[in-house]
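All letters in the sequence shown, in the order written, are residues 1 to 488 by my numbering.
The beta-carbon is built from N, C-alpha and C at its ideal position, and this holds for glycine as well.
Here the structure is laid out as structure tokens; the discussion comes afterwards.
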Amino acid sequence: MRKKFLRRLRAQPAAVFLLVILCSVAAVLSAEGAYRLTLFVQARAGSRPGVFELYAVGDSSMLGLPFSISPPEIVSMLFSGRFAGRELRVLNLAEGGNSMYTQALKALRTLKYRDKKNPAVVLIYGGHAENISVLSRRRPLFLRLCETFKRRILLHSFLFSRIVFSLERTFLFYGIRDLDHYEFYLRKTIEAALKSGALPVIATLGSNIEQEPSVNNYNVMTAGEVGKGFRAESRGEYAKALAQYTGLYEGLSPADYLRPYLAYRIGRCLEFMGDAAAARVRFLEVLENDPFPLRAKPSQNAIIRRLAGEYSIPLVDAEKMFAEHSAGGFPGEESFMDLMHPNAAGYLLLARAFADRLATLFRDTIRNDIHDPAVIFDSPGGDSLSRAGPYLCAGACLLWSSQSAVPVPDCLKLAEKNFRTAMSISGGDYRARVGLRIAVLSKKNQYVIPEEVYNWFQTKRPHYVFRRPMSNKEYEEADAFLAGWEKP
1 MRKKFLRRLR
11 AQPAAVFLLV
21 ILCSVAAVLS
31 AEGAYRLTLF
41 VQARAGSRPG
51 VFELYAVGDS
61 SMLGLPFSIS
71 PPEIVSMLFS
81 GRFAGRELRV
91 LNLAEGGNSM
101 YTQALKALRT
111 LKYRDKKNPA
121 VVLIYGGHAE
131 NISVLSRRRP
141 LFLRLCETFK
151 RRILLHSFLF
161 SRIVFSLERT
171 FLFYGIRDLD
181 HYEFYLRKTI
191 EAALKSGALP
201 VIATLGSNIE
211 QEPSVNNYNV
221 MTAGEVGKGF
231 RAESRGEYAK
241 ALAQYTGLYE
251 GLSPADYLRP
261 YLAYRIGRCL
271 EFMGDAAAAR
281 VRFLEVLEND
291 PFPLRAKPSQ
301 NAIIRRLAGE
311 YSIPLVDAEK
321 MFAEHSAGGF
331 PGEESFMDLM
341 HPNAAGYLLL
351 ARAFADRLAT
361 LFRDTIRNDI
371 HDPAVIFDSP
381 GGDSLSRAGP
391 YLCAGACLLW
401 SSQSAVPVPD
411 CLKLAEKNFR
421 TAMSISGGDY
431 RARVGLRIAV
441 LSKKNQYVIP
451 EEVYNWFQTK
461 RPHYVFRRPM
471 SNKEYEEADA
481 FLAGWEKP
């Protein structure tokens with residue numbers, strides 16, 4: 001019987017093909033079903049009846065980096081762990097360094113099987129890690145087909161969307177990153193929250209706008225001309241500097257990577273000359289057109305505001321809030337410790353904005369009325385190196401983004417401030433000493449990190465390797481290298 005069946009199949013290749021297709025579909029559906037069952041069982045096992053669930057979605061800022069306490073955890077502290085008559089349970093889904101695509105996939109999987117008997121809120125604050133290019137070239141057909149497949153087919157599978165994402169992360173495949181991509185997955189996050197019976201509360205994104213955009217290039221043909229303008233700016237001759245920068249700006253094409261930097265220098269001159277409105281226009285231009293973006297664009301905040309209205313969901317306008325708490329309306333180091341991560345005061349400000357909105361929505365009150373960031377971030381018991389860590393990371397982040405043949409005074413000044421704070425807390429940690437010395441010698445070098453010093457720093461401490469303690473031998477080598485650059 002079996003042999004006869006096999007002979008019949010060989011005689012009918014179309015039937016064989018159909019059978020293979022059916023078996024494949026059955027296998028895919030079975031795998032997806034098994035994965036969803038696993039998610040359901042895990043959700044039920046981790047569920048706690050009778051609590052108020054506070055979910056958080058976002059990137060590294062929603063994790064509270066470089067600190068170790070997040071905005072939703074601070075919200076819980078403000079309510080003393082209870083909200084709307086229930087215990088408040090924080091479930092942070094934030095993914096540091098990842099786009100809204102990653103965050104949406106995680107939110108879809110997690111919120112699908114949550115216990116709907118528990119009331120819930122989903123705080124959304126994400127968009128700094130989108131890396132949206134300003135280039136207007138048409139995307140390759142392959143990338144457009146991949147994006148269409150992910151949106152229309154793959155997104156419906158929890159299992160295979162996770163597998164594909166893991167492959168993308170392994171092979172550093174970023175696909176298409178644009179405003180449409182951001183809006184699509186932000187929508188999916190909002191809809192996932194609504195379908196789960198949770199209330200999404202979305203926030204616009206605040207940035208440190210008093211920081212130079214990344215130039216990421218030491219081969220700047222007009223560096224000498226930029227230097228002339230900067231020397232005039234340093235002497236307080238803002239009108240002269242403005243004329244120099246404007247002439248250079250107007251001579252560049254809109255796609256030139258140096259144009260946002262010149263727009264920033266123009267904005268700073270206008271700010272110092274008292275024309276805050278014109279300066280703000282320039283600063284927003286910088287955020288929108290940064291060729292190597294580490295901060296959210298104004299157009300992303302426009303999307304957030306529009307979606308809040310479209311879905312009739314609560315909005316926390318963090319962009320406006322940070323501006324209102326800043327000198328001259330320009331958010332800077334009073335609220336941020338690098339380009340996009342708030343400092344202790346900034347995180348408390350953001351958490352209080354969320355808490356105030358929730359208190360109004362659910363007619364509750366803030367019971368632990370904390371206004372001093374030190375109560376949260378300088379708690380006794382933590383060792384000095386752990387408390388210095390956030391400032392070391394922020395200072396290093398600023399140095400990494402300072403690869404440039406043109407002056408970056410604001411970036412270096414904030415890096416120096418962070419390293420001095422880390423020095424004070426740690427009692428002279430080697431990493432703080434090295435970072436501080438690089439910042440100081442670069443200030444003396446017309447606010448430009450020497451290319452050789454930058455390359456040395458990247459080789460010795462690339463990215464988050466800076467978190468690793470520095471040995472005596474490493475510091476001795478660093479001391480010998482930096483001493484050669486510190487000689488008058």
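For residue i, which of the options has the nearest alpha-carbon?
i: Tyr257; options: Asp59, Ser133, Pro71, Ala422; result: Ser133
i: Arg461; options: Trp400, Phe158, Ala239; result: Trp400
i: Gly97; options: Arg295, Leu22, Gly427; result: Arg295
i: Phe292; options: Leu22, Ser402, Pro66, Leu412; result: Ser402
i: Met221; options: Leu65, Arg259, Glu191; result: Arg259
i: Glu271; options: Thr170, Glu233, Gln244, Ala308; result: Glu233
i: Ala327; options: Ala276, Phe149, Leu145; result: Ala276
i: Thr189; options: Lys106, Ser442, Gln446; result: Lys106
i: Gly50; options: Leu143, Lys116, Ala388; result: Lys116
i: Lys417; options: Arg363, Gly332, Leu350, Ala351; result: Gly332
i: Leu307; options: Leu194, Arg187, Ala255; result: Arg187
i: Asp180; options: Arg162, Thr148, Leu167; result: Thr148
i: Asp383; options: His341, Asp369, Asp429; result: Asp429
i: Leu350; options: Gly251, Val25, Ile370; result: Ile370
i: Pro454; options: Arg352, Phe481, Gly389; result: Here the sequence assigns Tyr to residue 454, which means Pro is not the residue at that position. Ranking Arg352, Phe481, Gly389 by Cα distance to Tyr454 puts Phe481 first.
i: Ile209; options: Phe283, Glu288, Glu250, Glu486; result: Phe283
i: Arg82; options: Ser214, Arg152, Asp364; result: Asp364
i: Asn368; options: Arg352, Asn216, Leu361; result: Arg352
i: Gly389; options: Leu414, Lys473, Ala422, Leu361; result: Ala422
i: Asp178; options: Ser253, Arg152, Arg139; result: Arg139
Residues in its own chain within less than 6 angstroms of residue i by CB, not counting five upstream and five downstream?
i: Ala223; result: Ala405, Val406
i: Arg431; result: Leu392, Met470
i: Ser196; result: Leu111, Arg114
i: Tyr185; result: Met100, Tyr101, Ala104
i: Phe230; result: Pro407
i: Leu412; result: Ala439, Ser442, Lys443, Tyr447
i: Gly58; result: Ala94, Tyr125, Gly126
i: Phe362; result: Ala84
i: Ser76; result: Leu88, Val90
Going along the chain, which residues of its own chain have a beta-carbon closer than 7 angstroms to the beta-carbon of residue i, five neighbours each way excluded?
i: Leu159; result: Ala31, Glu32, Tyr35
i: Ile366; result: Leu78, Phe79, Ala355, Ala359
i: Pro298; result: Leu284, Leu287, Glu288
Are the Cβ atoms of residue i and residue j separated by less than 9 angstroms?
i: Gln458; j: Leu339; result: no
i: Val286; j: Ala318; result: no
i: Val448; j: Ala478; result: no
i: Ala84; j: Ala56; result: no
i: Phe67; j: Phe336; result: no
i: Glu451; j: Tyr174; result: no
i: Ser426; j: Leu385; result: yes
i: Gly206; j: Gly346; result: yes
i: Arg86; j: Phe142; result: no
i: Arg280; j: Phe330; result: yes
i: Ser61; j: Tyr125; result: yes
i: Leu145; j: Tyr311; result: no
i: Arg501; j: Leu54; result: Past the boundaries of the shown model lies residue 501; the chain is included only from 1 to 488, so the question cannot be answered.
i: Glu486; j: Arg437; result: yes
i: Gly267; j: Ala255; result: no
i: Asp290; j: Pro213; result: yes
i: Leu252; j: Cys269; result: no
i: Arg305; j: Thr170; result: no
Taking the DSSP output, what are the residues bridged to residue i?
i: Phe160; result: Beta-bridge pairing links Phe160 to no other residue.
i: Leu248; result: DSSP, once it has assigned bridges, lists no residue as partnering Leu248.
i: Ala56; result: Asn92, Leu123
i: Val51; result: Glu87
i: Val316; result: Ala203
i: Ser404; result: Asn217
i: Pro342; result: Phe336
i: Arg82; result: Glu87
Comparing the C-beta of residue i with each C-beta of chain D, is any distance below 9 angstroms?
i: Ala353; result: The displayed structure is made up of one protein chain only, and chain D is not part of it.
Give every residue of the same chain whose Cβ lies closer than 8 angstroms to the Cβ of residue i, excluding the five residues on either side of it in the sequence, and list them in chain order.
i: Asp182; result: The displayed chain sequence assigns Tyr, not Asp, to residue 182. Same-chain partners within the cutoff: Ser99, Met100, Gly127, Glu130, Ile132, Gln300, Ile303.
i: Glu225; result: Gln244, Leu248
i: Arg357; result: Val201, Pro314, Val316
i: Glu168; result: Tyr174, Gly175
i: Tyr475; result: Tyr430, Arg433, Val434
Are at least three pairs of beta-carbons, each pair with one atom in the segment 35–54 and one in the segment 305–324, less than 8 angstroms apart?
no
Decide yes or no for the touch test of the segment 459–479 against the segment 389–400: beta carbon pairs closer than 8 angstroms, at least 3 of them.
yes
Quick test of the definition: if touching needs 3 or more C-beta pairs under 8 angstroms, does the segment 119–126 touch the segment 194–205?
The segment 119–126 makes contact with the segment 194–205; the number of CB pairs closer than 8 angstroms reaches 3 or more.
Looking at C-beta atoms only, is the number of pairs between the segment 61–76 and the segment 148–165 that lie closer than 8 angstroms three or more?
no
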